[in-house]
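Everything on this sheet refers to the single structure shown next.
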Amino acid sequence: MIIEVIADNVEDAIIAEQAGANRIELITGVAEGGLTPSYGIIEAVCKAVSIPVYVMIRPHSRSFCYSNTELNSMVKDIQICKELGAAGVVWGVLNKDGDIDKEALKKLLDASNGLDITFHRAFDEVNDQLEALNVIQQYPEISRILTSGGKDKAIDATSELQQLVNKCEGTSLKIMAGSGLTPNNIGYLLEQVKVTEIHFGSGVHHQSSFSYPIDPQKIQEIKNLL
0 MIIEVIADNV EDAIIAEQAG ANRIELITGV AEGGLTPSYG IIEAVCKAVS IPVYVMIRPH
60 SRSFCYSNTE LNSMVKDIQI CKELGAAGVV WGVLNKDGDI DKEALKKLLD ASNGLDITFH
120 RAFDEVNDQL EALNVIQQYP EISRILTSGG KDKAIDATSE LQQLVNKCEG TSLKIMAGSG
180 LTPNNIGYLL EQVKVTEIHF GSGVHHQSSF SYPIDPQKIQ EIKNLL
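No gaps in the numbering here: position 137 of the sequence shown is 136 in my numbering, and each next residue is one more.
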C-alpha cells in the first residue's frame with residue numbers, strides 16, 4: 000500500500016517521510032485545491048527527503064481548461080521539475096464540455112517524458128468517469144488517477160471507486176483514492192475498495208487543518224491499520 004501525503008513546505012515533507020509516508024504530493028495554494036509551488040520550494044523539498052516527490056502542475060484554480068499560453072507555462076514547469084529532482088508530476092486537463100482534453104493531454108505527456116504521471120482530481124469533474132477512464136487508459140504513460148469517485152469525499156463513493164478499480168484490472172493504470180480520508184475512516188474505505196494507493200491531506204494534520212503541521216502520529220496510525 001502506497002501512502003501519499005500532501006505537503007506545501009519542507010518541514011511537513013520531512014515529517015511525512017519520517018512518519019512513514021511513501022510519497023509526497025507537493026503543492027501550494029491549499030485553499031484553492033493545490034497549485035504549482037515555487038521552484039525554490041520544489042528544489043528544497045526534493046533535497047530534503049528521499050521518498051519520491053510529485054509536483055502539482057496547475058497554474059490557476061479557475062478550471063481545468065487551459066489556453067495555449069497556460070499549457071506552455073505548464074510545459075516549462077514540468078521541465079523545471081525534472082531539473083530540480085522531482086520524481087513525478089500531477090496534472091489534469093479537461094475541455095469546456097467536461098471531457099478529457101486529448102490535445103492538451105498529449106502536449107503535457109510529451110513534456111512529462113521521464114517522470115511518473117498522476118492524473119489528478121480534474122477526473123472528478125468529468126461528465127462520465129468511465130468514459131474518461133477509457134480515454135486515459137489509451138495513454139500508458141499515465142500511472143494513476145487520483146479520484147474521490149466523483150463525490151466530495153472518497154468515503155461516500157466506495158462503489159464508484161471499486162467500479163473504477165475493476166475497470167483497471169489487467170492494466171498498468173492504478174486508482175488512488177483521495178479526499179477526506181483520515182485514520183478514522185481509512186479502514187472502512189479499504190474494506191470496500193481494493194485500492195493499493197491512498198492519498199491524504201488535512202486528515203493527517205494536527206486539528207485536521209492545513210493551518211497546522213502534519214501530525215506524525217496520524218500517519219503512524221494509518222500504517223498500523225495497514
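Glycine included, each C-beta is placed from N, C-alpha and C at the ideal position.
Note that the coordinates shown come from a computational prediction; the quantities given were computed from them, not determined experimentally.
7 Å Cβ cutoff met for A15 and I213: yes
Endpoints, beta strand (DSSP E) assigned at I2: 1-6
Classification of K95 by the beta-carbon crowding that lies within 10 angstroms, buried from 16 upward: exposed
Host alpha helix (DSSP H) of E231 (start-end): One cannot answer for residue 231 here, as it falls past the ends of the chain, which runs 0 to 225.
Opposing strand residues paired with K173 [DSSP bridges]: R143
Segment contact, 8 Å Cβ cut-off, at least three pairs: the stretch 204-223 with the stretch 162-173: no
Status (buried if at least 16 other CB within 10 Å, exposed otherwise) for P139: exposed
C-alpha distance - L188 paired with V194, whole-angstrom precision: 9 Å
CB-CB length for I26 against G33, believed under 8 Å: Taking 8 Å as the upper bound for CB-CB distance, I26 and G33 are in contact here, some 4 Å apart.
Coarse secondary structure for I26, derived from DSSP in three states: coil
Beta-carbon separation (whole angstroms), P20 vs I218, contact threshold 8 Å: The sequence shown places Ala at residue 20, not Pro. That pair is a contact at about 6 Å.
Beta carbon of V52 nearer than 7 Å to that of I79: no
Cβ-Cβ distance between G202 and T181 below 7 Å: yes
Rounded Cβ spacing between T146 and V192 (contact assumed at less than 8 Å): Going by Cβ atoms, the distance from T146 to V192 rounds to 11 Å, so no, they are not a contact pair.
Coil, strand or helix - T157 by DSSP: When secondary structure is reduced to three states using DSSP, T157 falls in the helix class.
Rounded C-alpha distance that separates R143 from I135: 9 Å
Local conformation of T195 per DSSP, three classes: coil
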